[in-house]
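Enquirer: Questions regarding the structure given below will be posed in turn.
Residue numbers (this note's numbering): 47 to 415.
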């Protein structure tokens with residue numbers, strides 16, 4: 047018998063997140079995901095009047111391809127995938143993996159080359175389709191979260207099928223404040239960072255792009271970032287785990303970067319000229335996500351967190367920065383994580399992870415659950 051939670055999640059992705067309608071083609075990109083859930087997604091797309099296209103991938107096979115990739119391989123793949131992407135209106139991706147570090151031994155130059163050449167596929171998908179991307183729960187994710195497999199699965203489905211419409215209604219005031227803000231000042235232990243978001247705009251993430259969701263993002267003016275930031279959350283990029291990442295900025299550019307693996311960190315930041323500039327600043331507030339699990343789709347929405355992103359800017363909140371890299375790094379500011387403050391134009395907006403202005407209090411955890 048199909049797990050009823052599969053049916054509930056599939057319907058949310060099709061009807062709420064991507065709003066599949068009659069005549070749409072939907073590409074379902076399934077990476078190490080049970081066939082049973084893929085079937086539920088196919089059925090939901092058909093029931094909405096859409097045509098499902100299915101791509102099934104496996105992380106071990108993808109690693110092998112990356113190990114031997116070259117310009118010819120990456121270019122052919124880019125052309126094929128871009129041609130297919132231009133045929134669809136909807137893209138839904140679920141990514142499961144028994145080993146979150148599967149690509150940790152793929153040489154940095156191979157990863158950089160592949161990311162750079164295939165970037166147009168991602169750019170087209172982000173800007174031209176109705177898309178939603180999410181993880182699939184695995185024992186390795188449960189281990190990263192410090193939970194049993196069963197407990198993590200229960201948390202996963204609670205988070206992924208929460209009342210996102212209620213959350214969306216509470217996001218409006220924060221979006222409006224970010225749209226009219228100029229100077230932002232971030233303070234935490236080891237962090238004193240200032241920049242401008244004037245004229246960039248702000249977008250809400252309410253379950254129609256990523257699941258789980260719960261963030262409002264903007265982007266620094268490219269050359270405005272100055273100061274230092276010390277991230278207190280582990281991060282995985284291209285299969286390598288980084289901890290204690292510390293970045294120093296001068297006029298927008300990362301001029302010093304250290305971590306537990308400083309060499310690999312700087313290799314990634316040297317992928318191209320844009321990788322040392324920032325492409326996103328976002329506040330996270332999903333009430334069900336409290337602690338990091340080294341999975342960015344969860345970690346960037348942690349209650350009381352924000353993330354700061356070296357690399358590519360989104361075109362809907364654009365500072366002009368272009369890069370093959372887009373690396374969300376998370377800093378949690380709740381009291382038990384050291385606390386912290388976020389200021390907009392001299393007004394204290396959030397302290398120790400709690401929104402203070404009356405219009406923003408509906409985003410606090412006790413009001414979203």
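All C-beta atoms in this analysis are idealised placements derived from N, C-alpha and C, irrespective of residue type, glycine included. Remember, predicted model here, so these are calculated numbers, not experimental data.
1. Looking at residue 104: is its Cβ nearer than 9 Å to the Cβ of residue 81?
2. Please classify residue 174: is it buried, with 16 or more other beta-carbons within 10 angstroms of its beta-carbon, or exposed?
3. Mind the definition here: the stretch 150 to 160 touches the stretch 288 to 296 only if three or more C-beta pairs lie below 8 Å; say whether that holds.
4. To the nearest whole angstrom, what separates the beta carbons of residue 294 and residue 274, a pair I think is in contact under 8 Å?
5. Strictly by DSSP, which residues pair up with residue 328?
6. With DSSP as the reference, label residue 126 as helix, strand or coil.
7. So, at 7 Å on beta carbons, what are the nonlocal neighbours of residue 410 in its own chain, with the 5 sequence-adjacent residues on each side left out?
8. Cα separation between residue 109 and residue 284?
9. How big is the Cα-Cα spacing for residue 270 and residue 321?
10. List, from N- to C-terminal side, the beta strand (DSSP E) runs of 3 residues or more that fit wholly inside the stretch 265 to 307.
11. Identify which residue in 112, 202 and 125 has its Cα closest to the Cα of residue 55.
12. So for residue 158, helix, strand or coil by DSSP?
13. If the criterion is Cβ atoms closer than 9 Å, does the pair residue 253 and residue 414 meet it?
14. Tell me the rounded alpha-carbon separation between residue 214 and residue 118.
15. Return helix, strand or coil for residue 202, following the three-state DSSP convention.
16. Work out the CA separation of residue 229 and residue 394 for me, nearest whole Å.
17. Our contact map puts residue 98 next to residue 72 with C-beta atoms below 8 Å; I'd like the distance itself, whole angstroms only.
18. Mind checking residue 122: buried by the 16 CB within 10 Å criterion, or exposed?
19. Can you tell me where the alpha helix (DSSP H) with residue 219 in it begins and where it stops?
20. Quick check on the burial criterion: 16 or more other C-beta atoms within 10 angstroms. Buried or exposed for residue 416?
21. Answer with buried or exposed for residue 392, where buried requires no fewer than 16 other C-beta atoms within 10 angstroms of its C-beta.
22. On the three-state DSSP scale, how would you describe residue 240?
23. Less than 8 Å between the CB atoms is what I'm expecting for residue 70 and residue 101, so what's the real figure, rounded?
24. Could you say which of 177, 244 and 330 lies nearest to residue 216 if we only look at CA atoms?
25. Does the stretch 186 to 193 come into contact with the stretch 328 to 343, if we say contact requires no fewer than three beta-carbon pairs (one atom in each stretch) closer than 8 Å?
26. Confirm, please, whether the CB-CB distance from residue 205 to residue 335 is below 9 Å.
27. Out of 360, 333, 382 and 355, point me to the one whose CA is closest to residue 412's CA.
28. Report yes if the C-beta distance between residue 323 and residue 280 is below 9 Å; otherwise report no.
29. Could you check what DSSP says for residue 347 in three-state terms: helix, strand or coil?
30. What are the start and end residues of the alpha helix (DSSP H) that includes residue 190?
31. Using a Cβ-Cβ cut-off of 7 Å (strictly less than) and excluding sequence neighbours within five positions of residue 63, which residues of its own chain qualify?
32. Note down, in chain order, each residue of its chain lying with its Cβ closer than 7 Å to the Cβ of residue 176, except the 5 sequence neighbours on either side.
33. Do residue 93 and residue 59 have their CB atoms nearer than 9 Å?
34. What first and last residue would you give for the alpha helix (DSSP H) that runs through residue 376?
35. By DSSP's criteria, residue 234 is part of a beta bridge. Which residues make up the other side?
36. Under the three-state reduction of DSSP, which class applies to residue 177: helix, strand or coil?
Expert: Once the coordinates are examined:
1. One-based indexing of the chain shown puts residue 104 at position 58. One-based indexing of the chain shown puts residue 81 at position 35. For residue 104 and residue 81, no; Cβs fall outside 9 Å.
2. Against the chain shown, residue 174 aligns to sequence position 128. So residue 174 ends up on the exposed side.
3. No: the two stretches stay apart, fewer than three of their Cβ pairs being nearer than 8 Å.
4. Position 248 of the chain shown, counting from 1, holds the residue named residue 294. Position 228 of the chain shown, counting from 1, holds the residue named residue 274. Rounded, the Cβ-Cβ distance is 5 Å, consistent with contact.
5. Stepping through the chain shown from its first residue, residue 328 is reached at position 282. Residue 328 pairs with 263 and 353.
6. In the chain shown, residue 126 corresponds to position 80, counting from 1. Taken through DSSP and simplified to helix, strand or coil, residue 126 comes out as helix.
7. Counting from one through the chain shown, the residue named residue 410 turns up at place 364. The beta carbon of residue 410 sits closer than 7 Å to those of 400 and 401, all from its chain and outside the five residues before and after it, given in chain order.
8. Position 63 of the chain shown, counted from the first residue, corresponds to residue 109. Position 238 of the chain shown, counted from the first residue, corresponds to residue 284. About 10 Å.
9. Within the chain shown, the letter at position 224 stands for residue 270. Within the chain shown, the letter at position 275 stands for residue 321. If I take the Cα positions, the gap works out to 16 Å.
10. Runs found: 272 to 276, 281 to 283, 286 to 288, 292 to 296 and 299 to 304.
11. The residue given as residue 55 occupies position 9 in the chain shown. Considering only alpha carbons, the answer is 202.
12. Translated into positions along the chain shown, residue 158 becomes position 112. Secondary structure of residue 158 (DSSP, three-state): helix.
13. Locating residue 253 in the chain shown gives position 207, where the first residue counts as 1. Locating residue 414 in the chain shown gives position 368, where the first residue counts as 1. Not in contact: residue 253 and residue 414 (Cβ atoms no closer than 9 Å).
14. Mapped onto the chain shown, residue 214 falls at position 168. Mapped onto the chain shown, residue 118 falls at position 72. Taking the straight line joining both Cα atoms gives about 44 Å.
15. Here residue 202 is taken as the residue at index 156 of the chain shown, counted from 1. DSSP places residue 202 within a helical segment (H, G or I) once states are collapsed to three.
16. Walking along the chain shown from the start, residue 394 turns up at place 348. Walking along the chain shown from the start, residue 229 turns up at place 183. Between residue 394 and residue 229, the C-alpha separation is close to 12 Å.
17. One-based indexing of the chain shown puts residue 98 at position 52. One-based indexing of the chain shown puts residue 72 at position 26. Sure, about 5 Å apart at Cβ, within 8 Å.
18. For this step, residue 122 is matched to residue 76 along the chain shown. Counting every other CB atom within 10 Å of its CB across the protein chains shown gives residue 122 a total below 16, marking it as exposed.
19. In the chain shown, counting from the first residue as 1, residue 219 sits at position 173. Secondary structure note for residue 219: its alpha helix (DSSP H) is the uninterrupted segment 210 to 226.
20. This structure leaves residue 416 out entirely; the chain is present only between 47 and 415.
21. Translated into the one-based positions of the chain shown, residue 392 becomes position 346. Per the 10 Å Cβ criterion, exposed.
22. Position 194 of the chain shown, counted from the start, is the residue given in the question as residue 240. In the three-state reduction of the DSSP assignment, residue 240 falls in the strand class, which pools E and B.
23. Working through the chain shown from its first residue, we reach residue 70 at position 24. Working through the chain shown from its first residue, we reach residue 101 at position 55. Contact doesn't hold; Cβ gap of about 17 Å is too wide.
24. Along the chain shown, read from residue 1 onward, the residue named residue 216 stands at position 170. Of all alpha-carbon atoms in 177, 244 and 330, the one lying nearest the alpha-carbon of residue 216 is that of 330.
25. Segments in contact, yes.
26. Taking the first residue of the chain shown as 1, we reach residue 335 at position 289. Taking the first residue of the chain shown as 1, we reach residue 205 at position 159. Cβ atoms of residue 335 and residue 205: closer than 9 Å.
27. Counting from one through the chain shown, the residue named residue 412 turns up at place 366. Residue 333 holds the alpha-carbon nearest to the alpha-carbon of residue 412 among 360, 333, 382 and 355.
28. Mapped onto the chain shown, residue 323 falls at position 277. Mapped onto the chain shown, residue 280 falls at position 234. Result no, Cβ atoms of residue 323 and residue 280 do not sit closer than 9 Å.
29. Counting from 1 along the chain shown, the entry for residue 347 is found at position 301. DSSP, read as helix, strand or coil, puts residue 347 in coil.
30. The residue given as residue 190 occupies position 144 in the chain shown. That run of the alpha helix (DSSP H) goes 185 to 190.
31. Residue mapping note: residue 63 aligns to position 17 of the chain shown, counting from 1. 178, 253, 254 and 257.
32. Here the question's residue 176 lines up with position 130 in the chain shown. Residues of the same chain with a CB within less than 7 Å of the CB of residue 176, apart from the 5 flanking positions on each side, are 64, 65, 135 and 136 in chain order.
33. Here residue 93 corresponds to residue number 47 of the chain shown, with the count starting at 1. Here residue 59 corresponds to residue number 13 of the chain shown, with the count starting at 1. Contact flag unset, no.
34. Indexing the chain shown from 1 puts residue 376 at position 330. Taken as a continuous stretch (DSSP letters only), residue 376 belongs to no alpha helix (DSSP H), being part of the beta strand (DSSP E) at 375 to 378.
35. Counting from one through the chain shown, the residue named residue 234 turns up at place 188. Residue 234 is bridged to 237.
36. Position 131 of the chain shown holds residue 177. Strand at residue 177.
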